[in-house]
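Under the numbering used here, the residue at position 518 of the sequence shown is numbered 526, and the numbers go up by one with no gaps. We put the CB at the ideal spot given by N, CA and C, even for glycine.
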Amino acid sequence: MTGAFPHPQPAPAGRWQAEQWLVPRPAARPDAIPTLWAFPNTYSVGITSLGYQWVWALLLARPDLRVHRLFTDCYEDRCGRPELLGFSVSWELDYVHILDLLEWLDIPLQASERQAHHPLVFGGGPVLSANPEPYADFFDVVLLGDAEVVLGAFIDAYQMVRDQDRDSQLQYLAQVPGLYVPQAYTVSYTDPTGPVAAIQPLGSAPATVARQVYRGNTLATSTVVTPQAAWENIYLVEVVRSCPEMCRFCLASYLTLPFRSADLGEGLIPALERGLEVTDRIGLLGASVTQHPEFPELLALLGRPAYDHVRLSLASVRASTVTLELAETLARRGSHSLTIAVESGSERLRQVINKKLDQAAIHQAAQLAQAGGLKGLKLYGMVGLPTETEADIEATVQLLTDLRRLAPRLRLTLGCSTFVPKAQTPFQWQGVDPQAEKRLQRLSRPAGRLGVEFRPESYRDSLIQALLSRGDRRLNPLLRLTRHYGDSLGSYRRAFKELRGQLPPLEHYVHACWDRSDLLPWQHLTGTLTQSLLTKHHDLALAEAQPLATARSHSL
């Protein structure tokens with residue numbers, strides 16, 4: 009919130025010295041482009057982000073750039089007058105810090121108001137790649153796709169027009185695949201509070217901008233290890249990218265398709281060896297780590313005596329891939345628990361969302377975790393999924409009851425979020441279920457009775473995320489207004505009230521199920537799957553609910 013934002017300061021003594029770099033920093037050329045690479049949160053959060061680190065390394069590798077880092081609490085160097093200012097955006101609610109940092113750097117918030125001496129402001133990351141429209145006024149360029157492909161193309165293109173005026177630069181950049189220049193498009197609406205009527209390119213800008221895909225098998229790894237990260241001294245390795253399961257709500261799967269895995273011999277093993285030179289803590293990341301085609305070989309390697317000193321952490325794993333060997337290896341390597349995303353205890357609802365997971369696999373995973381010596385099992389759940397009923401909530405309670413009986417020594421934790429519709433997924437047309445808040449509360453009491461630690465995510469924060477996930481350009485003035493009021497849902501409602509008649513109500517963005525014939529705010533930005541395929545997957549999901557509805561009608 010403006011006025012409360014603590015301006016970034018020179019880093020505390022020893023912060024940079026505590027970093028152990030795993031990448032070289034080639035000397036910049038005399039004519040190198042001064043560049044700030046920013047993360048709209050604190051250093052400890054930003055430096056833990058593998059995406060932020062990986063892009064930083066790609067930038068550092070270019071001698072035609074002089075790169076410094078910027079966080080909300082500190083900076084590496086103010087970099088004089090940067091020509092390029094980039095942001096890695098991975099969480100919707102961090103947007104306010106983008107505006108704060110622009111203001112601190114004396115850069116106009118509106119891209120249209122920037123002049124020749126201002127840097128080009130660019131950004132990437134899952135939030136911007138899925139739907140940059142709520143932030144369209146704030147960015148000169150948005151990079152759509154994998155950094156390994158689109159980042160270099162952006163820098164190379166900028167070098168070609170570095171000495172030209174700003175308008176010429178933007179016109180040129182808009183021709184490059186994967187570079188989205190919001191100012192090169194105009195959006196009209198059926199009326200001020202109605203749906204999008206048309207999205208028109210200006211000049212020679214292409215009608216659509218396609219997300220660029222990296223198809224190699226060398227994936228991201230940590231480029232710096234530090235005790236001041238949120239995950240202290242951890243070295244992160246991206247084992248897989250995307251997910252083959254394609255749960256209908258999942259941005260991590262749909263946005264990053266196709267599913268790719270790091271090469272074991274030429275990628276993962278050398279990466280692990282580099283990391284173990286500076287730390288004994290390893291984190292394996294990916295939406296579905298254990299579905300790497302060579303995961304058994306990787307697990308056998310990490311189980312060898314040579315790795316006895318290693319502390320190993322895994323991201324969420326698929327329940328059906330849990331083995332006794334996995335549980336035992338994790339227990340020997342310092343992990344205390346296993347994490348499984350079940351989404352719901354209802355097999356019916358899991359079929360609707362394409363979660364190919366039966367109850368027996370979850371039961372077996374818990375039993376194997378306990379038999380392997382792990383102390384805890386963490387479950388990720390969700391309420392408010394499309395077609396959810398009270399019977400589905402009861403099924404989740406029953407699942408917890410069964411797990412408590414089958415694995416009585418495990419410490420059980422249920423982290424539960426509210427379904428948020430994400431752009432570029434089959435459920436982008438669905439709204440947030442207003443009953444979701446009550447269903448979170450509905451799970452709390454039985455979880456406590458069963459001795460399950462219940463960790464619900466904020467329902468109100470989920471509504472804000474949904475607003476920003478499905479928003480259009482009419483939210484730009486609302487976001488500028490809201491940052492002066494605070495970050496609560498009440499502040500957003502206050503801003504909507506002040507702007508009444510200039511944009512649709514909050515409920516349109518958050519709770520409404522949109523007509524699939526309407527033009528989506530991000531329809532000119534295409535992902536790996538076409539809109540028709542997303543529609544097909546949406547219809548397949550809802551068709552799974554029809555047999556239940558038919559059976560109920562016949563029973564009445």
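Give me the Cα-Cα distance between Y467 and G423, rounded to the nearest whole angstrom.
For Y467 and G423, the distance between alpha carbons rounds to 13 Å.
Going by other Cβ atoms of all chains shown within 10 Å of its Cβ, with 16 needed for buried, is D298 buried or exposed?
In the sequence as displayed, the identity of residue 298 is Thr instead of Asp. That one is buried.
Taking the alpha carbon of Y197 as the point to measure from, which residue in S540, D480, L414 and K505 has its own alpha carbon closest?
Out of S540, D480, L414 and K505, D480 has the C-alpha closest to the C-alpha of Y197.
What residue from V217, K386 and I41 has the CA that sits closest to S324's CA?
Considering only alpha carbons, the answer is K386.
Among T226, A205 and Q183, which one has its Cα closest to the Cα of G211?
For G211, the nearest C-alpha among the options comes from Q183.
Helix, strand or coil, according to DSSP, for L151 in the structure here?
Of the three classes helix, strand and coil, the one that applies to L151 here is strand, per DSSP.
In the structure shown, what three-state DSSP assignment does F162 receive?
F162 falls in the helix class under three-state DSSP.
Touching or not, the segment 499 to 514 and the segment 123 to 133, by the rule of three or more beta carbon pairs under 8 Å?
Result no; under three Cβ-Cβ pairs closer than 8 Å.
Touching or not, the segment 450 to 459 and the segment 483 to 493, by the rule of three or more beta carbon pairs under 8 Å?
Flag = no, the segment 450 to 459 and the segment 483 to 493 do not touch.
Which partner residues of K430 appear in the DSSP bridge assignment?
Paired residue(s): none; K430 is not in a bridge.
Quick one, are the C-beta atoms of H317 and P434 less than 8 Å apart?
For H317 and P434, no; Cβs fall outside 8 Å.
Going by DSSP in three states, W24 sits in which element: helix, strand or coil?
It is coil, neither helix nor strand.
Could you tell me the alpha carbon to alpha carbon distance between C255 and D85, rounded to whole angstroms?
About 42 Å.
Per DSSP, what kind of secondary structure is A559 in: helix, strand or coil?
In this prediction, A559 scores a pLDDT of 39, lower than 50, which makes its location untrustworthy; the coordinate-derived value is nonetheless stated afterwards. It is helical.
For A551, count neighbouring C-beta atoms within 10 Å of its own C-beta (all shown protein chains included) and say buried if the count is 16 or more, exposed if not.
Per the 10 Å Cβ criterion, exposed.
Since E246 contacts L58 with CB under 8 Å, what's their CB separation in whole angstroms?
E246 to L58, Cβ: 6 Å. Contact.
Identify which residue in R412, M390 and E351 has its Cα closest to the Cα of G384.
G384 has its Cα closest to that of R412, out of R412, M390 and E351.
Apply the 10 Å Cβ neighbour rule to H15 and answer buried if 16 or more other Cβ atoms are within range, or exposed otherwise.
With fewer than 16 Cβ atoms within 10 Å of its Cβ, H15 is classed as exposed.
Does the count of Cβ pairs from the segment 89 to 105 and the segment 15 to 35 closer than 8 Å reach three?
Short answer: they don't touch.
Apart from the five residues just before and just after E27, which ones in its own chain have a Cβ nearer than 7 Å to its Cβ?
These residues qualify, in order along the chain: V232 and T234.
Beta strand (DSSP E) containing G54: first to last residue?
Where G54 is concerned, there is no enclosing beta strand (DSSP E), although the alpha helix (DSSP H) it sits in stretches over Y51 to G54.
What is the DSSP secondary structure of Y197, reduced to helix, strand or coil?
Here Y197 sits in strand by DSSP.
Can you list, in chain order, the stretches of the alpha helix (DSSP H) that have 4 or more residues and sit fully within the segment 187 to 265?
DSSP runs (the alpha helix (DSSP H)) wholly in the segment 187 to 265: 259 to 262.
Quick one: what's got a C-beta closer than 6 Å to T421's C-beta in the same chain, skipping five residues either side?
Closer than 6 Å at the Cβ level, and outside the excluded window around T421, lie K386 and E461.
So G132 and L107 are in contact, right, with Cβ under 8 Å, and what is the actual spacing, rounded?
That belief does not hold up - the Cβ atoms of G132 and L107 are roughly 18 Å apart, past 8 Å.
Would you tell me roughly how many angstroms separate the C-alpha atoms of V169 and Q118, rounded to the nearest one?
In a straight line, the C-alpha of V169 is about 22 Å away from that of Q118.
In the DSSP assignment, find the unbroken alpha helix (DSSP H) run with A369 in it and report its ends.
Residues Q367 to A379.
Which class does A19 belong to by DSSP, given the choice of helix, strand or coil?
Note: A19 maps to coil in three-state DSSP.
Compare the beta carbon distance of Q17 and D81 with 8 Å and say whether it is the shorter of the two.
Cβ atoms of Q17 and D81: closer than 8 Å.
For the segment 385 to 425, which segments carrying the alpha helix (DSSP H) assignment without a break, of at least 4 residues, lie completely within its bounds, in sequence order?
List check, alpha helix (DSSP H) in window: 398 to 414.
Over the uninterrupted beta strand (DSSP E) stretch that includes R319, give me the two end residues.
Residues R319 to L322.
Using the C-alpha atoms, what's the distance from S137 back to H519?
C-alpha separation (whole angstroms): 23 Å.
Where do the ends of the alpha helix (DSSP H) carrying L486 lie?
Counting along the chain, the alpha helix (DSSP H) containing L486 begins and ends at L483 to Y493.
Between R23 and Q236, what straight-line distance do the alpha-carbon atoms span, to the nearest angstrom?
So the alpha carbons of these two residues sit roughly 8 Å apart.
State whether the segment 512 to 530 contacts the segment 202 to 220, with contact taken as three or more CB pairs (one from each stretch) at a distance under 8 Å.
With the cut-off at 8 Å, the segment 512 to 530 and the segment 202 to 220 touch.
Could you check whether the segment 336 to 344 touches the segment 358 to 369, counting it as contact only if at least three pairs of C-beta atoms, one from each stretch, sit closer than 8 Å?
Contact fails: fewer than three Cβ-Cβ distances are below 8 Å.
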